[in-house]
Each structure stands twice: as structure tokens, then as C-alpha cells.
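Working notes for the structure below.
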């Protein structure tokens, strides 16, 4: 029996059996030490916002992401990680939510000792992986190693792979705003997000329509030039810039007609009325 998990042994209390009052106080308890979770300055706040943005897009189906979710981590620990991912729903063994599986800590205003203590406590509790994002130079993303009891830096090109994630999460996207956007888009594509599919289909249809319009416009110009009609730069631009396929079709038919004596007549001819169904 694994006594690291609530309801499966007596070593740990339930995740929601708190020592502090959630949403009432800023107090947290780490290994018996009472600390205050202070409001953030811009570097920490900006990083926290980016962390939430990127991780939210990467949460795999069947899992839930949370921000500042407080957990009774141990007999003498009751604190929140900056972001975490847990299995969705209620753990039938405890009647409360599931323990988080991976957690992220932004390390800036809090001491590295607090961050290390929190990582140790979370892994002892049963959290599978804990990552630290260090705001101060050198900025880096690390994963806590229980073997060495230290933060292990991850390479800039490293991608976090985990069953909680719908797609590998690039650590560079946690540190850079532009790369964060790229990481989010890649994750949404990997998740087969319906909106992405609709936008892709619309873009493909638009591209096909532009290609068809360009082909018809070039055919109009070819016919006019073959007839020896002079096409001014302005008229050429108007024809090539037209995206109305019905109008281009009309021009294409008229361009080969002897009734069209000039390019000006072609371009100023009123559009043909569209056929309507009668009942």
C-alpha cells in the first residue's frame, strides 16, 4: 500500500484538510514554518502569467490545471504551487480531488530554500514531478531531483513530456513571450482544437479562392493582349486585384468578344444579374 497518497495509508492527511484558511489568509506552512505568500512584483507576476498561459493549453484530456491550488502536502506542510496539473474529478478513495501530478514553482521573491523545501515535500507526498522557473539571472527552468536533492537545469531546447500533457511542453516557451505563443499554438493543434481546424480549413479555402481568382485574372489579361488591346498599369492592377470570381468570369467571357472594343468598356460594364429561383 502506497501511504504517500491520501486515503491509502495513514502517513498523510487529506489534500483539503488544511492547517491554514484558504482564500482568507496568505499564510502557508512549509515543514512547520509559517510563511507569507507575498504579492508579486512585475518579474514574478509576468512569469507566473506566462506559466499559466502555456500550461493551460498543454493540459491533456482527463486532467485539470490549477493556479495557486493549496494542498495539505504533509503533517506539517500546507501550501500552494504556482501552477499544477492533476487528474480531473474526485478520487473515490478519499472523496476529495486528486493530488496534483506535476507542479511548477516560480522562484524569484521566495527564497530558493523555500522552493527546495516545497519540492521535497511535494515529491514525498506523491507529486510525480516538480519544476522550478528561476526569474533572476541566469533565467532557467529546472526539475527537482530527489536523488541529488537539487534543481537540475533543463536545456533550452528541452521539451517536457508527461502523461498530463497533450503535447511536449517546450521549456523555452516558459521563458520567452514569443515562444510562449508558438508553444500554445502547437499544443492546440496537437489537441485537435476545433477552432484551429476551422481556421485552417478557412485559410485553405481562402488560398484556393485566391489562386483561382489569380488564374482567371491572368487569363483575362492574356485574352486582351492577344486581341491587341492596350492595358494600362492601373487597369492591370484592377484586374489582378479582383477577388470576385463571378466578376472575373464575366470579364473572361467579355474579353474574347468583339463587342468589347476597349479595356475600359470591359471594366465598366455592369455586372450580369444573378439568376434567381422562382417558385
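Residue numbers (the numbering used here): 12 to 290.
Here a beta-carbon is modelled for each residue, glycine too, at the ideal position from N, C-alpha and C.
Quick one: Cα of residue i to Cα of residue j, how far?
i: residue 215; j: residue 207; result: 12 Å
i: residue 109; j: residue 178; result: 22 Å
i: residue 33; j: residue 42; result: 18 Å
i: residue 132; j: residue 160; result: 11 Å
i: residue 288; j: residue 60; result: Reliability fails at residue 288, whose pLDDT of 45 lies under 50, so the model's placement of it is uncertain and no value is given.
i: residue 199; j: residue 248; result: 39 Å
i: residue 29; j: residue 48; result: 16 Å
i: residue 55; j: residue 40; result: 21 Å
i: residue 167; j: residue 144; result: 12 Å
i: residue 234; j: residue 211; result: 35 Å
i: residue 182; j: residue 125; result: 22 Å
i: residue 45; j: residue 36; result: 12 Å
i: residue 297; j: residue 219; result: Given that the chain is displayed from residue 12 to residue 290, the structure contains no residue 297 and the question cannot be resolved.
i: residue 264; j: residue 213; result: 29 Å
i: residue 261; j: residue 252; result: 15 Å
i: residue 229; j: residue 244; result: 14 Å
i: residue 77; j: residue 282; result: 58 Å
i: residue 27; j: residue 129; result: 17 Å
i: residue 117; j: residue 69; result: 18 Å
i: residue 162; j: residue 201; result: 29 Å
i: residue 292; j: residue 107; result: There is no way to answer for residue 292, as the model of the chain reaches only from 12 to 290.
i: residue 71; j: residue 205; result: 15 Å
i: residue 51; j: residue 58; result: 10 Å
i: residue 158; j: residue 127; result: 13 Å
i: residue 53; j: residue 188; result: 14 Å
i: residue 5; j: residue 138; result: Missing from the structure shown is residue 5; the chain here goes from 12 to 290 and no further.
Taking DSSP as the reference, what is the three-state secondary structure of residue i?
i: residue 98; result: strand
i: residue 263; result: helix
i: residue 25; result: coil
i: residue 143; result: strand
i: residue 165; result: coil
i: residue 157; result: coil
i: residue 190; result: helix
i: residue 11; result: Limits of the chain in this structure are 12 at one end and 290 at the other, which puts residue 11 out of reach.
i: residue 196; result: helix
Given a cut-off of 8 Å on the beta-carbon distance, is the pair residue i and residue j in contact?
i: residue 225; j: residue 256; result: no
i: residue 147; j: residue 119; result: yes
i: residue 99; j: residue 73; result: yes
i: residue 6; j: residue 164; result: What is shown of the chain runs 12 to 290, which leaves residue 6 out entirely.
i: residue 115; j: residue 92; result: yes
i: residue 83; j: residue 24; result: yes
i: residue 186; j: residue 170; result: no
i: residue 140; j: residue 173; result: yes
i: residue 196; j: residue 240; result: no
i: residue 135; j: residue 184; result: no
i: residue 259; j: residue 242; result: no
i: residue 111; j: residue 80; result: yes
i: residue 254; j: residue 221; result: yes
i: residue 266; j: residue 277; result: yes
Legend entry - Secondary structure, beta strand (DSSP E): runs of 3+ residues fully inside the segment 104–140: If one requires a minimum length of 3 residues, the beta strand (DSSP E) runs lying completely within the segment 104–140 are 111–118, in chain order.
Inset, instruction - Flag this pair as touching only if the segment 179–193 and the segment 64–82 have three or more C-beta atom pairs under 8 Å; answer yes or no. - result: By the Cβ rule, the segment 179–193 counts as touching the segment 64–82, because three or more pairs are nearer than 8 Å.
Inset, instruction - Kindly provide the ranges of any alpha helix (DSSP H) runs that are 4 or more residues long and lie completely inside the segment 33–96, ordered along the chain. - result: Note on the segment 33–96: whole alpha helix (DSSP H) runs with a minimum of 4 residues are 53–69, in chain order.
Inset, instruction - Run through the segment 200–284 for me and flag every whole alpha helix (DSSP H) of 4 or more residues, listed as ranges in chain order. - result: Taking only runs of at least 4 residues, the alpha helix (DSSP H) segments lying wholly in the segment 200–284 are 205–237, 244–252, 256–266 and 274–279.
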